[in-house]
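In the working numbering, the protein residues as written are 68 to 143.
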């Protein structure tokens, strides 16, 4: 990632209040949880291969949620 992009992201993150950061975390957690639930449903209802394909975006969303929490000092 470009250094200027990282600096811009750090600047934008510093502009949010703690409650806004926590709200973002809740939203990202709900999205990651919904994606995981959809993956399980696809794996059971359709096929194991469909579940495996759906697991990739669910894993990415989950990783982004964990990373967001870690970067903002939110405990697990």
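Cβ coordinates follow ideal geometry from the N, Cα and C atoms, glycine included. Bear in mind that the values here come from a model prediction, so they are computed numbers and not experimental data.
(request) Decide if residue 109 is buried, meaning its Cβ has at least 16 other Cβ atoms within 10 Å, or exposed. (result) Its Cβ being crowded by 16 or more others within 10 Å, residue 109 is buried.
(request) Count the CB pairs spanning the stretch 124–132 and the stretch 83–96 that are closer than 8 Å, and state whether there are at least three. (result) yes
(message) Whole angstroms are fine: how far does the CA of residue 118 sit from the CA of residue 138?
(response) 30 Å
(request) Within 10 angstroms of the Cβ of residue 125, are there 16 or more other Cβ atoms? Answer buried if so, exposed if not. (result) By the Cβ-count criterion, residue 125 is buried, with 16 or more other Cβ atoms from all chains shown falling within 10 Å of its own Cβ.
(message) Quick check on residue 99: buried or exposed, where buried means 16 or more other Cβ atoms within 10 Å of its Cβ?
(response) Buried, because 16 or more other Cβ atoms sit within 10 Å of the Cβ of residue 99.
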